[in-house]
Amino acid sequence: MSEDQFPGWHGTTIIGVKKGDEVVIAGDGQVSLGQTVIKGTARKVRRLSPGGYDIVAGFAGSTADAFTLLERLEAKLEATPGQLARASVELAKDWRTDKYLQKLEAMLIVSDGTDIFVITGAGDVLEPEHDVTAIGSGGNYALAAGRALMDTDLSAEEVARKAMAIASDICVYTNGNLTVEKISK
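The opening residue of the sequence shown carries number 1 in full-length UniProt numbering; numbering runs sequentially from there.
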């Protein structure tokens, strides 16, 4: 089946919000195939504990590809305990240069409660300028809403939840069934 005949998988909005001493990563549960919702309760935000250090990660893209990347990130974190930035850069380098990993279609938002990063297959490790970042189908909507809400008295979790609610009202590939993980140092 050619790419033109296959409607393609869509779904996922993930947001990361750092406010005060708290980081929240939230993601919706929708996976769509063309115009059909295949699943509304997928869990795309996870807590990892490599080497006894807590990490929260959210992913957009292919689930199998994301799990491969999360396993690789865990291995990098075990090799460099407590150094999320270094482990993220090492993962991005491998992802960019390894012929097998180059084919993976996913993006990650990761945090250790202090730092928050977006890791891409283009070799990028991005730290958001405004303490809000988002990826996925509704990522731009969630990002805009999150940035607008950062100047309020809302907590990181409240900002993430409200931004995701706005994204789910706009993006047909995003629903309101959230998984929310908090982490702080």
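From the three backbone atoms N, C-alpha and C, an ideal C-beta is built for every residue, glycine too.
Nothing here was measured: the structure is a model prediction, and the numbers come from that model.
For A42, the secondary structure class from DSSP, reduced to helix, strand or coil, is coil. K18 carries a strand assignment under DSSP once its states are collapsed to helix, strand and coil.
Within the segment 54 to 129, the complete beta strand (DSSP E) segments at least 3 residues long are 55 to 61, 106 to 111, 116 to 119, listed from N- to C-terminus. Judged by DSSP secondary structure, S32 falls within the beta strand (DSSP E) whose first and last residues are 31 to 33. Taking one beta carbon from each stretch, the segment 144 to 163 and the segment 107 to 120 have fewer than 3 pairs nearer than 8 angstroms; the two do not touch.
Closest in C-alpha terms to V24, from the list T174, L101, I55, comes I55.
Under the three-state reduction of DSSP output, K162 falls in the helix class. Between D65 and A106 a beta carbon distance of about 4 angstroms is seen, short of the 8 angstroms cut, so the two are scored as contacting. Just so you know, the alpha carbons of Y53 and D21 end up roughly 17 angstroms apart. DSSP links S184 through a beta bridge to E22. A check of alpha carbon separations from L143 across L154, H130, D153, S155 identifies H130 as the nearest. Annotated three-state conformation of G146 is helix, per DSSP. Under the three-state reduction of DSSP output, G176 falls in the coil class, being neither helix nor strand. Of the residues assessed, R161 falls on the buried side of the cut-off, its CB having 16 or more other CB atoms within 10 angstroms.
Between N140 and A60, the alpha-carbon positions lie close to 13 angstroms from each other.
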